Amino acid sequence: MTSTGIRLDAPAAGWAIDADVVVVGSGVAGLTAALRCTAAGLATVVVTKARLDDGSTRWAQGGIAAALGDGDTPEQHLDDTLVAGAGLCDEDAVRLLVTEGPDAVRRLIATGAHFDTDASGAISLTREGGHHRRRIAHAGGDATGAEISRALVEAVRTRAVRTIENALVLDLLKDEHGRTAGITLHVMGEGQHDGVGAVHAPAVVLATGGMGQVFSATTNPSVSTGDGVALALRAGAEISDLEFVQFHPTVLFLGADSEGQQPLVSEAVRGEGAHLVDAAGTRFMLGQHELAELAPRDIVAKAITRQMQAQGAEHMYLDARHFGAEMWEQRFPTILAACRSHGIDPVTEPIPVAPAAHYASGGIRTDLRGRTTVPGLYACGEVACTGVHGANRLASNSLLEGLVFAENIAADIVADPDRGAPTPVRGAAVEAERPGDPVPLLDPAARIQIQRIMTNGAGVLRSAGSLAEAAERLEAIRADERKAAVPGVEAWETTNLLLVARVLVAAAGAREETRGCHWREDRPDRDDTDWRRHLVVRITPGRSLDIRPTPSATFPPTVAATPLEP
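Right, dumping it as structure tokens:
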């Protein structure tokens, strides 16, 4: 088992609680895992960075994909997923997803989630990019994530699951054998706990969501700063496929200088028949792919970007005026309100759109039971790399992945024969489990620098030159000791963002091909001979990045990683 000896600079834990399981994150993945563990009688604690319903799940508009419709089958869902993943999906993981997916959705409905239905009472299904059938279940028209979040949060509160809100996870605790023993965290604001503390548990489930805030413009909420990936790296876990960041093709364009979270215009709008056009009203997706506007997201994002370059434009348009006011108001009320709040009326004018960072297909490497390369540490949802998404996530597979793999994680924890009483790591032992010198913290002002470096050098378009420049500029930020800051939430987040950015840029520079949502201008072709394989990244005890390709497209088992030399 490798140990990096790296941790965030933080005060000693001033309080501690015990549990059987601690789940970090309150989206569909985290709350599902917590509910299943609680139902099995395990003392479960949910830690979330903001309020329970403030994660990425509630922002999901389109829906959840599953073979629920007449004539649809898991095999067809599998085929669409494999095509979108561009040769890097783990077929066993995808088969698990599509086979267990329909029943997982039904269990979600039994938990209390209400999906839109047709006149007969059957679940209404729509299409999105890359799907050859209508298999996207939605709620509230375009408020699927909000409804799923509502149902799960209500269930968690009804079952009195212990929760710690407004808490930023810091680092993983381990026992003397290198097994997971809990986490350290910092609770912001008033409550039962405050400041830095610890939750001691032999099983930790990371469900911390994405890392979209590493870019200037993203659909992700402000809490998506890559904290789970950064924690796992410091703990010695393996990260994979971080170069595959999906840029959503249709994000409401608010201006070239707009930064932070941007309003999403769901792919379901195209699924219902909206067209992508340029300023002259010409549809440019026709002839580029058999599915036109419903091609996989990487293809649409690239087509929009190419069209913008060719015409010297800052954005393209999504035209759905033919929907009419009634359809907009009933099917897409959230998007309609967002557009109108920015002075755009989709009923009477095309919507200006451009790609923005949306979803991380890579993350903490896991097996089919959500186990990472650190014993006792699990990951699910966007923070994980299960092998389902490959080089490009198929639309609306993410909520389903969170459901299915969270349930498998809970089953594995419950069945673990080594699971016993919580590891007693109190007092001085807590500090003993956090060896080595702490990472110098960054001044929060570096956050904007990191985001702009990433957008310019590692965005939709990448090249050896842009990535090398990005790596150099990120290294300069890391090496500038004058930027050291006192411990605090903004400094911890910025430090996490820098680590995630460095890994992403290093992986993107190492993958010398174009595949899925990784687009190298200088390497425009897909290279299955040399690059149909994954890149696995770890941190050495010397704090350098170790990047190694897997022998094939198949992930190796998640056994304890072999020690690395400094």
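Okay, so the sequence shown: first residue is 572 according to our numbering, each after it adds one. Even glycine gets a Cβ: it sits at the ideal position worked out from N, Cα and C. The model shown is predicted, which means the values in this text are computed figures rather than measured ones.
What number of angstroms, rounded off, separates the C-alpha of residue i from the C-alpha of residue j?
{"i": "Gly780", "j": "Leu741", "result": "15 Å"}
{"i": "Thr994", "j": "Leu802", "result": "With a pLDDT of 48 at Thr994, under the threshold of 50, the modelled position of that residue is not reliable, and no figure is offered here."}
{"i": "Ser1037", "j": "Val1076", "result": "10 Å"}
{"i": "Arg578", "j": "Cys956", "result": "23 Å"}
{"i": "Met856", "j": "Val654", "result": "19 Å"}
{"i": "Ile1110", "j": "Leu1116", "result": "5 Å"}
{"i": "Lys873", "j": "Ala866", "result": "11 Å"}
{"i": "Glu1064", "j": "Gly797", "result": "8 Å"}
{"i": "Cys660", "j": "Val617", "result": "30 Å"}
{"i": "Asp765", "j": "Met759", "result": "6 Å"}
{"i": "Val727", "j": "Thr682", "result": "10 Å"}
{"i": "Ala636", "j": "Pro673", "result": "9 Å"}
{"i": "Arg1091", "j": "Glu814", "result": "11 Å"}
{"i": "Gly895", "j": "Arg902", "result": "11 Å"}
{"i": "Arg629", "j": "Arg964", "result": "19 Å"}
{"i": "Arg877", "j": "Val840", "result": "22 Å"}
{"i": "Ala581", "j": "Gly768", "result": "10 Å"}
{"i": "Leu1032", "j": "Thr715", "result": "31 Å"}
{"i": "Arg1005", "j": "Ala587", "result": "Any reading at Arg1005 is ruled out, since the residue's pLDDT is 49, under 50, leaving its predicted position unreliable."}
{"i": "Gln632", "j": "Asp1101", "result": "37 Å"}
{"i": "Asp983", "j": "Arg1044", "result": "42 Å"}
{"i": "Ala884", "j": "Ile875", "result": "10 Å"}
{"i": "Asp746", "j": "Asn737", "result": "27 Å"}
{"i": "Pro1112", "j": "Glu662", "result": "34 Å"}
{"i": "Pro1011", "j": "Val924", "result": "39 Å"}
{"i": "Pro1120", "j": "Ile735", "result": "38 Å"}
Across which residues does DSSP place residue i in a beta bridge pair?
{"i": "Gly768", "result": "Leu756"}
{"i": "Val794", "result": "According to DSSP, Val794 bridges with nothing at all."}
{"i": "Pro923", "result": "Tyr888"}
{"i": "Arg578", "result": "Pro1009"}
{"i": "Arg1119", "result": "Val1107"}
{"i": "Thr751", "result": "Lys745"}
{"i": "Leu696", "result": "Ala708"}
{"i": "Val593", "result": "Val616 and Val775"}
{"i": "Leu649", "result": "Paired residue(s): none; Leu649 is not in a bridge."}
{"i": "Cys512", "result": "The structure shown has nothing for residue 512, since the chain only spans 572 to 1137."}
{"i": "Leu948", "result": "Val775"}
{"i": "His1089", "result": "Arg1086"}
{"i": "Arg942", "result": "Tyr949"}
{"i": "Thr688", "result": "Ile694"}
{"i": "Ile588", "result": "Val770"}
{"i": "Ala1139", "result": "An answer regarding residue 1139 cannot be provided, because it is not within the stretch 572 to 1137 covered by the chain."}
Just to confirm the assignment, what range does the beta strand (DSSP E) spanning residue i have?
{"i": "Phe1126", "result": "Phe1126 -> no beta strand (DSSP E), and no H or E assigned at all."}
{"i": "Thr734", "result": "Arg733 to Ile735"}
{"i": "Thr1065", "result": "Run containing Thr1065: none in the beta strand (DSSP E); it sits in the alpha helix (DSSP H), Val1060 to Ala1081."}
{"i": "Val1107", "result": "Leu1106 to Ile1110"}
{"i": "Thr615", "result": "Thr615 to Val618"}
{"i": "Gly934", "result": "Gly934 to Arg936"}
How is the alpha helix (DSSP H) around residue i delimited, first residue to last?
{"i": "Leu1140", "result": "Residue 1140 falls outside the range modelled here, since the chain spans only 572 to 1137, and no answer is possible."}
{"i": "Trp904", "result": "The identity of residue 904 in the sequence shown is Pro, whereas the question assumes Trp. Where Pro904 is concerned, the enclosing alpha helix (DSSP H) stretches over Pro904 to Ser912."}
{"i": "Leu668", "result": "Glu662 to Thr682"}
{"i": "Lys745", "result": "No alpha helix (DSSP H) holds Lys745; the beta strand (DSSP E) holding it covers Ala738 to Lys745."}
{"i": "Gln869", "result": "One point to set straight first is that residue 869 is Asp, not Gln, in the sequence displayed. Start and end: Arg868 to Gln882."}
{"i": "Gly1028", "result": "Ala1017 to Ala1029"}
{"i": "Ala1041", "result": "Ala1035 to Ala1050"}
{"i": "Asp1099", "result": "Asp1099 to Trp1102"}
{"i": "Ile719", "result": "Thr715 to Thr729"}
{"i": "Arg607", "result": "Val599 to Ala610"}
{"i": "Ile980", "result": "Asn968 to Ala986"}
Checklist line | beta strand (DSSP E) runs contained entirely in the segment 774-857, provided each spans 3 or more residues | finding: 774-777, 816-823 and 846-848
Notebook entry, point to check: Touch check for the segment 670-684 and the segment 583-591: three-plus C-beta pairs under 8 Å?
Noted result: no
Notebook entry, point to check: Is there contact between the segment 1076-1090 and the segment 1022-1042, where contact requires at least three CB pairs shorter than 8 Å?
Noted result: yes
Margin query: Would you call the segment 804-811 in contact with the segment 926-935, where contact means no fewer than 3 C-beta pairs closer than 8 Å?
Written below: yes
Next item on the list: Give a yes or no on contact between the segment 823-832 and the segment 842-858, applying the rule of three or more CB pairs nearer than 8 Å.
Entry: no
Notebook entry, point to check: Is there contact here, the segment 720-727 with the segment 615-628, by at least three beta-carbon pairs under 8 Å?
Noted result: Yes: the two stretches touch, three or more of their Cβ pairs being nearer than 8 Å.
Margin query: Three or more C-beta pairs under 8 Å: does that hold for the segment 748-756 against the segment 765-781?
Written below: yes
Item checked: Contact between the segment 1011-1027 and the segment 1041-1051 (3+ Cβ pairs under 8 Å) -> yes
Item checked: At least 3 beta-carbon pairs within less than 8 Å: the segment 913-923 vs the segment 857-864 -> Three or more beta-carbon pairs separated by less than 8 Å are not found between the segment 913-923 and the segment 857-864, which leaves the two stretches without contact.
Check: Is the segment 600-612 in contact with the segment 784-800, if contact means three or more CB pairs nearer than 8 Å?
Finding: no
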